[in-house]
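>
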Amino acid sequence: MLWHRLPIITLLPPPSAPPGPSNAFLAAFLPSPPSAVKAAASLHTGPAAAPTPQIRWVDAPGAGRGMSSSASSAGGEAAGEFTEVVIVRHGETSWNASRIIQGHLDAELNDIGRQQAVAVAHRLSKEAKPVAIYSSDLKRAAETAQTIARICNVPNVVFDPALRERHIGDLQGMKLQDAATEKPKAYKAFMSHKRYQQIPGGGESLDQLLERCVSCLYNIVEKHKGERVILVSHGGTIRELYRYASPTKPLHCKIHNTSVSVILVSDATGRCIVKMCGDISHLQETGVLENAFGGDKTSA
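In numbering that gives the first Met the number 0, the protein residues as written are 0 to 299.
(1) Would you kindly check if the distance between the Cβ of LEU170 and the Cβ of THR143 is under 8 Å?
(2) By how many angstroms is the C-alpha of ARG238 removed from the C-alpha of GLN153?
(3) Hey, out of LYS174, CYS271, ILE229 and GLU221, whose CA is closest to ALA140's CA?
(4) What's the call for GLU164, buried or exposed, on a 16-neighbour Cβ count within 10 Å?
(5) Helix, strand or coil, according to DSSP, for TYR241 in the structure here?
(6) Indicate whether the contact test is met: 3 or more Cβ pairs, each with one atom in the segment 183 to 201 and one in the segment 210 to 217, closer than 8 Å.
(7) When the Cα atoms are used, what is the spatial distance from ASP278 to ALA96?
(8) Between the beta-carbon of VAL220 and the beta-carbon of VAL264, is there less than 8 Å?
(9) Check the C-beta distance from SER260 over to CYS276 and give it rounded, since I have them as a contact under 8 Å.
(10) Work out the CA separation of ASP110 and VAL117 for me, nearest whole Å.
(11) Would you identify the three-state DSSP class for ASP110, choosing helix, strand or coil?
(12) Count the other CB atoms within 10 Å of the CB of LEU216; is the residue buried (16 or more) or exposed (fewer)?
(13) Distance check for HIS233 and ASP266, CA to CA, integer angstroms please.
(14) Within a Cβ cutoff of 7 Å, which residues of the same chain sit near GLU83, ignoring the five residues on either side of it in sequence?
(15) Going by CA-CA distance only, name the one from GLN145, PRO183 and LEU137 that's closest to ALA161.
(16) Looking only at its chain, what residues have a beta carbon closer than 7 Å to the beta carbon of ALA120, apart from the 5 residues adjacent to it on each side?
(17) Using the DSSP secondary-structure output, state which residues sit across from LEU263 in a beta bridge.
(18) Report the residue from GLY202, HIS89 and VAL130 whose alpha carbon sits nearest the alpha carbon of GLY172.
Pasting the structure below:
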């Protein structure tokens, strides 16, 4: 690898142990919303879980996989008031192809994954230039982000551990088909529909993952009001961002490797618009492995 060609890297310190769900985790990042912005229902389903205030993310008419919409649906708010966040999943890894649970383990891109990273980078280079690129510090996301930065001529990549995939505890490094028999407790916790359920071996609950990645999103928006940024992350993390963005419309499609999703976030109100979700039109030649592990409801 030609290291002298890579962009400058800013590495943020790793986070402490995942915090539990908090009632006010967005308070530090958002102003008090006007009455027109209503709090969505709590995502917590546990018997003792406290309600978590949310800002409702609005799906624009016609938005969906491979489709986009303009900021004109923002209800009179000027387009300049929105930060455009382009969310990219990392390229394919050999562990994706082998259906191995990655979590926080540091698998690298395979050859197909590197081709996918180049393809998405060329796609993004033809669009408005981002002012910054943020990425998970895990290798598969980091290399994808570096490729995008090089081709889009963005000099700086900020690596943030808050954008990592969900920590899957004792299941990390295992094939999902083996987990049920070899680690039954961890497997049961991983497959549980209870969002507060942590995974044995230090694994996060879905609520903890959501709090981590949404807090990170608003931190980034606070720094880049009205600008365009790229965020490179993982299937499970991206699905949680979408779930937060569209709590009444479950995500049924898969978030493929190097798929592109776009949200507009108002720095004034916290209002968000889903502009695009899971688009892979740039992969017509490279393609995606449909049965690769990750990007669906068991993404890790």
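Using N, Cα and C, we set each Cβ at its ideal position, and we do this for glycine too. What you are looking at is a predicted structure, and each value in this text was computed from that prediction instead of being measured.
On the basis of the supplied data:
(1) As a first step, residue 143 must be located in the sequence shown, where it is residue number 144. As a first step, residue 170 must be located in the sequence shown, where it is residue number 171. Result no, Cβ atoms of THR143 and LEU170 do not sit closer than 8 Å.
(2) For the purposes of this step, residue 153 is identified with residue 154 of the sequence shown, where counting begins at 1. For the purposes of this step, residue 238 is identified with residue 239 of the sequence shown, where counting begins at 1. Checking the sequence shown, residue 153 turns out to be Val, not Gln. Put simply, the backbone Cα of VAL153 is about 26 Å away from that of ARG238.
(3) As a position in the sequence shown, residue 140 is number 141, starting the count at 1. The residue with the shortest Cα to Cα distance from ALA140 is ILE229.
(4) For this step, residue 164 is matched to residue 165 along the sequence shown. Buried: at least 16 other Cβ atoms inside 10 Å.
(5) Along the sequence shown, read from residue 1 onward, the residue named residue 241 stands at position 242. In this structure, TYR241 counts as helix in the three-state DSSP scheme.
(6) no
(7) Looking up residue 278 in the sequence shown gives position 279. Looking up residue 96 in the sequence shown gives position 97. Each residue's alpha carbon lies about 20 Å from the other.
(8) Taking the first residue of the sequence shown as position 1, residue 220 is located at position 221. Taking the first residue of the sequence shown as position 1, residue 264 is located at position 265. Cβ atoms of VAL220 and VAL264: closer than 8 Å.
(9) Reading the sequence shown from its first residue, position 261 is the one you call residue 260. Reading the sequence shown from its first residue, position 277 is the one you call residue 276. Contact check for SER260 and CYS276: beta-carbon distance about 5 Å, within the 8 Å limit, so the pair qualifies.
(10) Along the sequence shown, read from residue 1 onward, the residue named residue 117 stands at position 118. Along the sequence shown, read from residue 1 onward, the residue named residue 110 stands at position 111. Rounded to whole angstroms, VAL117 to ASP110 spans 11 Å at the Cα level.
(11) The sequence position of residue 110 within the sequence shown is 111, counting from 1. Residue state, collapsed to three classes: helix.
(12) By 1-based counting over the sequence shown, the position of residue 216 is 217. In this structure LEU216 is buried. Its beta-carbon is surrounded by 16 or more other beta-carbon atoms within 10 angstroms.
(13) Residue mapping note: residue 266 aligns to position 267 of the sequence shown, counting from 1. Residue mapping note: residue 233 aligns to position 234 of the sequence shown, counting from 1. Answer to the nearest angstrom: the Cα atoms are 24 Å apart.
(14) Position 84 of the sequence shown holds residue 83. Excluding residues within five positions, the ones whose Cβ falls inside 7 Å are ARG227, VAL261 and LEU263.
(15) On the sequence shown, residue 161 is found 162 positions in, with the first residue counted as 1. Measuring from the Cα of ALA161, the nearest candidate turns out to be LEU137.
(16) In the sequence shown, residue 120 corresponds to position 121, counting from 1. Taking ALA120 as the centre and dropping the five residues before and after it, the same chain places the C-beta of THR146, ILE147, ILE150 and CYS151 closer than 7 Å to its C-beta, in chain order.
(17) Along the sequence shown, one-based indexing puts residue 263 at 264. GLU83 and ILE272, per the DSSP bridge assignment.
(18) Working through the sequence shown from its first residue, we reach residue 172 at position 173. Answer by Cα proximity: GLY202.
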